[in-house]
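Engineer: Dropping the structure in here first, questions after.
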Amino acid sequence: MDAATIESSQVFANPDGTFTQEMNAAPVRARKDDGTWAPIDTTLAREAAGSVRSKNTTAGLTFSGGASADGLVTLDDQGHKLRLGWPLSLPEPQLDGSTATYAGVFPDVDLKLTALSSGYTSVLVVKTAEAAKNPALATISMTVSGSGLDIAPTADGGFVARNRDGSAVIRQPALACRGVWLRGAGEDVRAARAWTAWWRASPSCQQSRRILLFFSRMITCSTRARTLR
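Numbering-wise, the UniProt record's numbering puts 27 at position 27 of the sequence shown, and it's gapless, one number per residue.
Next comes the structure, spelled out in structure tokens:
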């Protein structure tokens, strides 16, 4: 029953006249550009315009293809957009499945963005102890803008975007850092798991606000840091 189908559930009509609802904890399908349903596919692909887009997610997710950092992340649902900008120019990303890696956003620091079914995650990978001392990592200032949204910082360092009736439609939590150390190639290897944003549809108007994301000098080690050199 297509009329009863949503991103995380669908309803089937049984031969005996009853109905069965199949529910999932997270989105398993999303509408394509032509309006038809298709399974979630977070694989990233390059578009003709140069940007990088996930194949089929509820977020309508696009990452920067490099150079201009204004559109590091764009979330688009039925024409309603939220855009986050990185403060520096970006290299062309290396793609691996659902992950785009921007190598050298700071000396010996990579930025990794990973597409999810309804948003994305990001990780800053700081490869050496010397790189971790870079004062530029203490505070990273990003821009965020959205049509139809009132965007405001939250007390914990993240932000919330609300539509005209005051309902929260996007929440981005603050950076979480924990002091954990690994050893790799004779140097301390550190990685910081950064912010995660989930997208929900919203109406449109215009607003832009600058948001500060604070990075701890003691940066969290992720398990993926074990493979870095």
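In this text, a Cβ means the ideal position worked out from N, Cα and C, and glycines have one as well. As the structure is a computational prediction, the values presented were derived from the model and not from experiment.
Between Gln10 and Ala4, how many whole angstroms is the CB-CB distance? I'm expecting something under 8 Å.
Structural biologist: Within the sequence shown, the letter at position 10 stands for residue 10. Within the sequence shown, the letter at position 4 stands for residue 4. 7 Å between Cβ atoms; contact.
Engineer: Considering only residues of the same chain and omitting the five flanking positions on each side of Arg171, which have a CB-CB separation below 6 Å?
Structural biologist: Taking the first residue of the sequence shown as 1, we reach residue 171 at position 171. Counting only Cβ-Cβ distances below 6 Å, and skipping sequence neighbours, we find Val160.
Engineer: Going by CA-CA distance only, name the one from Asp34, Asp110, Leu149 and Ala59 that's closest to Gln94.
Structural biologist: Locating residue 94 in the sequence shown gives position 94, counting from the first residue. Closest by alpha carbon: Asp110.
Engineer: Taking Ser51 as the reference, give the member of Ile40, Leu75 and Val144 with the closest Cα.
Structural biologist: Translated into positions along the sequence shown, residue 51 becomes position 51. Closest by alpha carbon: Leu75.
Engineer: Lys112 bridges to which residues according to DSSP?
Structural biologist: Working through the sequence shown from its first residue, we reach residue 112 at position 112. In DSSP, Lys112 forms a bridge with Thr101 and Val123.
Engineer: So, with DSSP's three-state summary, where would you put Ala4?
Structural biologist: To locate residue 4, count along the sequence shown from 1; it is residue 4. It is helical.
Engineer: Residues in the same chain with beta-carbon distance under 7 Å from Arg14, minus the five sequence neighbours each way, listed in chain order, please.
Structural biologist: If you number the sequence shown from 1, residue 14 lands on position 14. The residue asked about is misnamed: residue 14 is Asn in this sequence, not Arg. For Asn14, same chain residues with a beta-carbon under 7 Å away, outside a window of 5 residues either side, are Thr20 in chain order.
Engineer: Does Asn24 pass the burial test, meaning 16 or more other C-beta atoms within 10 Å, or should it be called exposed?
Structural biologist: For the purposes of this step, residue 24 is taken as the residue at position 24 of the sequence shown. Exposed.
Engineer: According to DSSP, simplified to helix, strand and coil, what is Leu61?
Structural biologist: Position 61 of the sequence shown, counted from the start, is the residue given in the question as residue 61. Correct three-state label for Leu61: strand.
Engineer: Let me know the secondary structure DSSP gives Ala168 once reduced to three states.
Structural biologist: Reading the sequence shown from its first residue, position 168 is the one you call residue 168. If DSSP states are grouped into helix, strand and coil, Ala168 belongs with the strands.
Engineer: Identify whether Ala48 lies in helix, strand or coil by the three-state DSSP scheme.
Structural biologist: Here the question's residue 48 lines up with position 48 in the sequence shown. Look at Ala48 here: in three-state DSSP terms it is coil, with no helix or strand label.
Engineer: Under a three-way DSSP split, which group does Ala131 fall into?
Structural biologist: Sequence index remark: in the sequence shown, residue 131 carries index 131 (1-based). It is helical.
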